[in-house]
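Engineer: In the working numbering, the protein residues as written are 25 to 314.
C-beta atoms are modelled at their ideal positions from N, C-alpha and C, and glycine is treated no differently.
Note that the structure is predicted; figures quoted are calculated from it, not measured.
#1: Which runs of the beta strand (DSSP E) at least 3 residues long sit entirely within the stretch 77-135? Give them in chain order.
#2: So what does residue 72 bridge to, in DSSP terms?
#3: Determine the DSSP secondary structure at residue 139, reduced to helix, strand or coil.
#4: Reducing DSSP to helix, strand and coil, say where residue 263 ends up.
#5: Figure out for me which residue from 100, 101, 120 has the closest Cα to the Cα of residue 108.
#6: When you compare the stretch 146-157 with the stretch 250-259, are there three or more beta-carbon pairs, one atom per stretch, that lie closer than 8 Å?
#7: Going by alpha carbons, who is nearest to residue 263 out of 92, 291, 75, 161?
#8: Are there 16 or more other CB atoms within 10 angstroms of the CB of residue 191, so buried, or fewer, so exposed?
#9: What are the boundary residues of the beta strand (DSSP E) that includes residue 188?
#10: Quick one: residues in its chain with C-beta nearer than 7 Å to the C-beta of residue 268, no 5 flanking neighbours on either side, listed in chain order?
#11: Going by DSSP, what residue range makes up the beta strand (DSSP E) through residue 153?
#12: Looking at residue 81: is its Cβ nearer than 9 Å to the Cβ of residue 147?
#13: Give the secondary structure of residue 239 by DSSP, where H, G and I count as helix, E and B as strand, and everything else as coil.
#14: Starting from residue 270, trace the alpha helix (DSSP H) in both directions and tell me its first and last residue.
#15: DSSP three-state call for residue 281: helix, strand or coil?
#16: If you follow the beta strand (DSSP E) that residue 177 is part of, which residue opens it and which one closes it?
#17: For residue 161, collect the residues of the same chain with a Cβ closer than 6 Å to its Cβ; drop the 5 residues on either side in sequence, then sort them by chain order.
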């Protein structure tokens, strides 16, 4: 039921007249999964199709230092695709790497050895240029976070209570149709809503929405082959109190410190486009360019 609703919400953004595009020529392996693969929607003969991105997410919590202080995990990953952002990410406690789908069994065994616990797995569907949010830590109290800037100075700021997110966009690559271009940025979404003035046609309305605080210095982008893995985890600076990654990727359970490893697996899939009377959902806040 969850899969059907998610597919339907993605499809209402395209009118019923959308025509299927040319089939993607690829021989990609099955999308990796911690447990079983997610079911695909059943097509009907009269359906039209659009291409969407299914983003599978696997979250693993490991003892502190298992990811940030060891290369057991990172030795399986290629960090070169984010080399332009590596310095800024590292100073703020993040590491990002890419791995092929074929290397997933070995990565999975490594994570299982590090944690000894089951991972949480979920999946979302998105259209190109549409932002979606991944909650890394929910309902956090007031936070004081120090961001390492481009000139290596520290900028500190107090943030109100909110959810610590990773906002992601998945776009298609015209030059490489079997790749997904992923853009991601950490954000904080406040728990309390604030009034905002928006324009609807020729009228103005006041709506109440949460405020979003961006960390543009930590925006990163990389091209990912279909069904390959992108792993976001803590680096050395994540153990520094006040760092961005310390607030986003470090947690405490029963008095013991843990760090979070996020695996994202984008896969290009077809979705049936059918007319519906459901109201179009409001998308997540877009990733700002600056």
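Structural biologist: Taking the geometry as given:
#1: 118-123
#2: The count along the chain shown starts at 1 and reaches residue 72 at position 48. Bridge partners of residue 72: 297.
#3: Stepping through the chain shown from its first residue, residue 139 is reached at position 115. Correct three-state label for residue 139: helix.
#4: Within the chain shown, numbered from 1, the residue matching residue 263 stands at position 239. It is helical.
#5: Position 84 of the chain shown, counting from 1, holds the residue named residue 108. Minimum Cα distance to residue 108 is reached at 120.
#6: no
#7: Taking the chain shown and counting its residues from 1, one reaches residue 263 at position 239. That would be 92, whose Cα lies nearest to the Cα of residue 263.
#8: Translated into positions along the chain shown, residue 191 becomes position 167. Buried is the call here.
#9: The residue you call residue 188 lines up with position 164 of the chain shown. Per DSSP, residue 188 belongs to the beta strand (DSSP E) from 186-196.
#10: Indexing the chain shown from 1 puts residue 268 at position 244. So the list reads 116, 117, 169, 171, 210, 239, 242, once near-sequence residues are dropped.
#11: Numbered from its first residue, the chain shown carries residue 153 at position 129. Neither: residue 153 is in no beta strand (DSSP E) and is coded neither H nor E.
#12: Looking up residue 81 in the chain shown gives position 57. Looking up residue 147 in the chain shown gives position 123. Yes, the pair counts as a contact, with Cβ atoms nearer than the cut-off.
#13: Position 215 of the chain shown holds residue 239. Coil.
#14: Looking up residue 270 in the chain shown gives position 246. Residues 268-273.
#15: Within the chain shown, residue 281 is the residue found at index 257, counting from 1. Note: residue 281 maps to strand in three-state DSSP.
#16: Counting from one through the chain shown, the residue named residue 177 turns up at place 153. Per DSSP, residue 177 belongs to no beta strand (DSSP E) and is neither H nor E.
#17: Looking up residue 161 in the chain shown gives position 137. Around residue 161: 188.
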